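Let me begin by presenting the structure, written as structure tokens, before commenting on it.
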Amino acid sequence: MRRHRRRQRWGRGLGVMVVLALVLAVAALLLNGLPRAPEEPARAAPAPAAAPTPTPDARPVVAIDPGHGGVDRGSEGPGFGEHEMTWRTANELYALLEQDGRLRPFLTISEDESQNPEVERIMPSERAKRAAAQGAALLLSIHGNSDTVYGASGYECYAIPPGRNQHEESLRFAGLLTERFSALGQRLRGTNGVRYIYYDDDDNKVLVESIDETVYDDPTFGVLEYAQCPAVLSEQCFLTNSADVDLLGDEDGCARAAGLYYEAICEWFGLEPQAAA
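The working numbering puts the first residue of the sequence shown at 969, with every later residue one more than the last.
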């Protein structure tokens, strides 16, 4: 009787163990079958901020050509030489246009090309090409005159001749220049201060007044010949005439001439002058 009870107790214990094993096995299956939480993806490093795109400068370009320079010193007189007078005037004008802010000035030559007497001459055609490369809307070439024999004086300028691209607008700009130089008290040379220049087959200069609209095939000044925009070559004053130099050829005169150029440029573009000329 006792043996039988022990066998019963042993049987019941074995059954409990089997049940527990089955429960654990089922639990393991259930746990393995459950969907796992997705792993959090690795965060990408933030992309570097893009550099801001520079805003293009849409202001019209005004090319300022200081005549002569380098080994080509130009005319000489009792005051500034032509290379110095034109460089000073060009820089005064550049400063006025920068101060105004509505137009973008561009010098066709550097200071070294102007002031260093050992630098090779920058040809007028190259100056015009530099202006074109900048997209110039207007080109002003500044020069000085000389006459040691007759004591000549006065103001004159040369526009792109008739029959060529940009002639009409060049002539209009030349007219604005002569108006201002005349109002200052400077005598206008020729009929009205505006002229055309040509080179004949022997490379001699042929001067024609602007009232003559005859079309000639002969070349003109290189800076006008190669200009791709309205252009004028201005003979600011006679460096060999003391009255001219006092008015437009010394340090004060260069600033005075720059103011006249600035006002004419503004009017040509349809702007009211804003800088203190």
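For every residue, glycine included, the Cβ atom is placed at its ideal position computed from N, Cα and C. Quick caveat, the model's predicted, so the values are computed rather than measured.
Check, Outcome
"Inter-residue CB distance, V1183 and G1131 (contact presumed, cutoff 8 Å)", "3 Å"
"Rounded straight-line distance, which links the Cα of G1038 to that of S1082", "5 Å"
"First and last residue of the uninterrupted alpha helix (DSSP H) at E1235", "E1219 to W1236"
"Cβ pair count under 8 Å reaching 3, the stretch 1025-1038 against the stretch 1092-1108", "yes"
"DSSP state of G1112 mapped onto helix, strand, coil", "strand"
"Own chain partners of I1179 with C-beta closer than 6 Å, once the 5 adjacent residues on each side are dropped", "T1159"
"Run of the beta strand (DSSP E) containing Q1204, from where it starts to where it stops", "A1199 to F1206"
"Three-way DSSP call (helix, strand, coil) for L998 in this model", "Legend: pLDDT at L998 = 46, less than 50; position of this residue unreliable, no value from coordinates given."
"Coarse secondary structure for V1213, derived from DSSP in three states", "helix"
"Meets three-Cβ-pair contact criterion under 8 Å: the stretch 1109-1128 and the stretch 1033-1052", "yes"
"The alpha helix (DSSP H) enclosing Y1062, as first and last residue numbers", "E1050 to D1068"
"Counterpart residues of G1037 in DSSP-defined beta bridges", "D1040"
"Cβ neighbour criterion (16 or more within 10 Å) applied to E1088", "exposed"
"7 Å Cβ shell around S1121 - same chain, five flanking residues per side excluded", "R1155, F1206, N1209, A1211 and D1212"
"Cβ-Cβ separation, I1165 to Y1123 (assumed contact under 8 Å), whole Å", "Rounded, the Cβ-Cβ distance is 15 Å, inconsistent with contact."
"DSSP state of R1132 mapped onto helix, strand, coil", "coil"
"Proximity to E1050 [Cα-Cα], best of D1025, E1219 and E1136", "E1219"
"Spatially closest choice to L1075 from H1135, I1090 and P1085, by CA coordinates", "I1090"
"V991 in three-state terms, based on DSSP", "With a pLDDT of 45 at V991, under the threshold of 50, the modelled position of this residue cannot be trusted, and the question is left open."
"Closest Cα partner of D953 within the set P1187, E1177, G1161 and Q1204", "As shown, the chain starts at 969 and ends at 1245. That puts residue 953 outside it, with no answer to give."
"Spatial distance of A1199 from V1117 (CA atoms)", "30 Å"
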